[in-house]
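Residue -10 is where the sequence shown starts when you use our numbering, and the numbers rise one by one after that. The structure appears below as structure tokens.
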Amino acid sequence: MQLSKAKQLSLGFQHVLAMYAGAVVVPLIVGNAIGLTAAQLTYLIAIDIMMCGVATILQVWKKKFSGIGLPVVLGCTFTAVGPMIAIGNTYGIPAIYGSILVSGLFVLLIATFFSKIVKLFPPVVTGTVITIIGITLVPVAMNDIAGGQGSEDYGSMINLALGFGTLAVILVLFRFGKGFMKSIAILSGIIIGTIAASFMGMVDFSAVGDASWLHLPQVFYFGTPEFHLVPILTMMLVVTVGLIEATGVYFALGDITEREVNSSDLKRGYRAEGIAIILGGLFNAFPYTTYSQNVGLIQLSGVKSNQIIYIAGSMLILLGLVPKIGAITIAIPTSVLGGAMLAMFGMVIAYGIKMLSRVDFSDQRNLMIMAVSIGMGLGVTVVPEMFAIVPESIQVVTESGIVMGSLTAIILNFVYHIGDMSYLKSKNNDETSLRKEHVTE
């Protein structure tokens, strides 16, 4: 189906809105926690949005050395929030970017090795990981529907009405919309929800007037990077976690787009993330990883074109260079974004279940891998303080349901099937047939 330029722009903007809240929240949280001034915080948000676009284009642009060539959207990873705050408050802001630079180089160095262990990610693992990602993100959407965690009007009737009203609009459009209108159900829901919120006096455009027209990037804006062992090791752990998450997303997108994903593709994808992380360190932005909400959006819209992601990436760069334009999207109420996120995160769960439907569950080992991994992911999400006793440097792993659930799935798959070559060679689980399934499904 050939889409007009206007329709392509609308679909690209829909992807921007899907990830924009997460991309803005990270610099807001980190910047406030490490005591940045208003001017510094403005730079941090603008450069982060711009680098999200650069990182996305690097990943979609498939080259010999880097770029997986799938409709991937990259944003700053939430896994790095806690560690960056701890590093900044203990060692200073320059140490944050020293550790990010080294961790990006680390990703480039291990990309080839990491791509060779693809047999550790059969459908029972990748399907479980995608399901865990969706499940652990749903609380974020629910908190946003209520107005955002910590907000003064958290759980108010107005917030709930806007959040679930936005979700209702999306569902109605997805049920009765035809063609393009069905594809932009998420965008339409957000626009209608924002218009409704404006009549309730909940949309504030003052940030648009305060924002500047042009904001150019600057290398080492926060000073010359500093390198300390503990921050570097911590950030290396953070980016390794990001690679695990990204692997599941790559396979999901390969399946959705009916394209084969092999070890060479993974290697290029990991390298693109490494380059994006290094650029984040140079321009004082953040480590970047794949955004799962955009996977759900691709599944919902049914539009799988890389061209749409190129447009989204270009829009992010423009938003970063022209903060006044980007400030318009900040005016969207949190509850409205929450309603849209619930649909997208729910679709991530549904797609994980779809991937799991191919697994042979007559093999009790597969049932146990899925059961314990999802249980671990959900449990840590609900009770993150249970590992408060472990060293702070390790809490980046233990406090993340996505990380704990994913590692559990990988480890159990390895333990239960180690030495069982018939399992690794079976139709549903060896690398070759797995890729064929992804293509022929």
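Ideal Cβ positions, reconstructed from N, Cα and C, are used throughout, including at glycine.
{"Check": "Nearest CA to the CA of G270: which residue from Y210, A332, G152?", "Outcome": "Y210"}
{"Check": "Look up Y210 in the DSSP assignment and say whether it is helix, strand or coil.", "Outcome": "coil"}
{"Check": "For V49 versus N295, is the C-beta distance shorter than 8 Å?", "Outcome": "yes"}
{"Check": "So Y143 is in the alpha helix (DSSP H); what residue range does that whole segment cover?", "Outcome": "Note, Y143: premise wrong, no alpha helix (DSSP H); not H, not E."}
{"Check": "DSSP three-state label for L25, please.", "Outcome": "coil"}
{"Check": "Applying the 10 Å Cβ sphere with the 16-neighbour rule, what's the burial state of T31?", "Outcome": "buried"}
{"Check": "Just checking my contact of Y259 with L59 at CB under 8 Å: how many whole Å lie between their CB atoms?", "Outcome": "About 13 Å separates the two Cβ atoms, so there is no contact after all."}
{"Check": "What three-state label does DSSP hand L63 in the structure shown?", "Outcome": "strand"}
{"Check": "If you check the beta carbons only, do G123 and G335 fall under 8 Å apart?", "Outcome": "yes"}
{"Check": "Report buried or exposed for V13, applying the criterion of at least 16 other Cβ atoms within 10 angstroms of its Cβ.", "Outcome": "buried"}
{"Check": "Determine the burial state of R257: buried for a count of at least 16 other Cβ atoms within 10 Å of its Cβ, exposed for fewer.", "Outcome": "buried"}
{"Check": "How far does the alpha helix (DSSP H) with Y86 in it extend, from its first residue to its last?", "Outcome": "82 to 105"}
{"Check": "In terms of residue numbering, what span does the beta strand (DSSP E) encompassing Y277 cover?", "Outcome": "277 to 279"}
{"Check": "Quick check for students: name the residue ranges of the alpha helix (DSSP H) that lie wholly in the stretch 368 to 408, counting only runs of 4 or more.", "Outcome": "384 to 387, 390 to 406"}
{"Check": "When you compare the CB positions of Y277 and I266, do they come within less than 8 Å of one another, or not?", "Outcome": "yes"}
{"Check": "Excluding the five sequence neighbours on either side, which residues of its own chain have a C-beta within less than 7 Å of the C-beta of I74, listed in chain order?", "Outcome": "V19, A22, I23"}
{"Check": "Excluding the 5 residues preceding and the 5 following S55 in the sequence, name in chain order all residues of the same chain whose CB lies nearer than 7 Å to its CB.", "Outcome": "L47, R257, R260, A261, I264"}
{"Check": "I need the straight-line Cα distance from T421 to E249, nearest angstrom please.", "Outcome": "The predicted model places T421 with a pLDDT of 45, which falls under 50 and marks its position as unreliable, so this point remains unresolved."}
{"Check": "I need the straight-line Cα distance from V96 to S281, nearest angstrom please.", "Outcome": "20 Å"}
{"Check": "Nearest to T354 by CA position, among V404, M333, G291, is which residue?", "Outcome": "A small correction: the amino acid at residue 354 is Arg; Thr does not occupy that position in the sequence shown. Comparing Cα-Cα distances from R354 to each of V404, M333, G291, the minimum goes to V404."}
{"Check": "Evaluate the contact criterion for the stretch 340 to 357 versus the stretch 161 to 178: three or more CB pairs, one atom per stretch, below 8 Å.", "Outcome": "no"}
{"Check": "Determine contact between the stretch 110 to 117 and the stretch 351 to 368, defined as no fewer than three beta-carbon pairs at a distance below 8 Å.", "Outcome": "yes"}
{"Check": "Taking its Cβ as the centre, do 16 or more other Cβ atoms sit within 10 Å of F350, making it buried, or is it exposed?", "Outcome": "exposed"}
{"Check": "If contact is defined by three or more beta carbon pairs under 8 Å, each pair taking one atom from either stretch, is the stretch 306 to 315 in contact with the stretch 143 to 161?", "Outcome": "no"}
{"Check": "What three-state label does DSSP hand D349 in the structure shown?", "Outcome": "coil"}
{"Check": "Should A186 and V325 be called a contact, given that it needs their Cβ atoms to be closer than 8 Å?", "Outcome": "yes"}
{"Check": "With 16 other CB atoms within 10 Å as the buried threshold, where does P112 fall?", "Outcome": "buried"}
{"Check": "Here's the rule I'm using: 16 or more other beta-carbon atoms within 10 Å means buried, otherwise exposed. How should H4 be labelled?", "Outcome": "buried"}
{"Check": "Residue range of the alpha helix (DSSP H) that G178 falls in?", "Outcome": "174 to 188"}
{"Check": "Report, in whole angstroms, the separation of the C-beta atoms of T223 and L63, which I expect to be a contact under 8 Å.", "Outcome": "Incorrect: roughly 21 Å between the Cβ atoms, too far for contact."}
{"Check": "With 16 other CB atoms within 10 Å as the buried threshold, where does D37 fall?", "Outcome": "buried"}
{"Check": "Helix, strand or coil for P111 per DSSP?", "Outcome": "coil"}
{"Check": "Within this structure, are the beta carbons of Y80 and N273 separated by less than 8 Å?", "Outcome": "no"}
{"Check": "Just to confirm my understanding: we take V91, look at its own chain, exclude 5 residues before and 5 after, and list those with CB closer than 6 Å. What are they?", "Outcome": "I221"}
{"Check": "My understanding is that I57 touches E234, with C-beta atoms under 8 Å, so please give their C-beta distance in whole angstroms.", "Outcome": "So it is not a contact: roughly 14 Å between Cβ atoms."}
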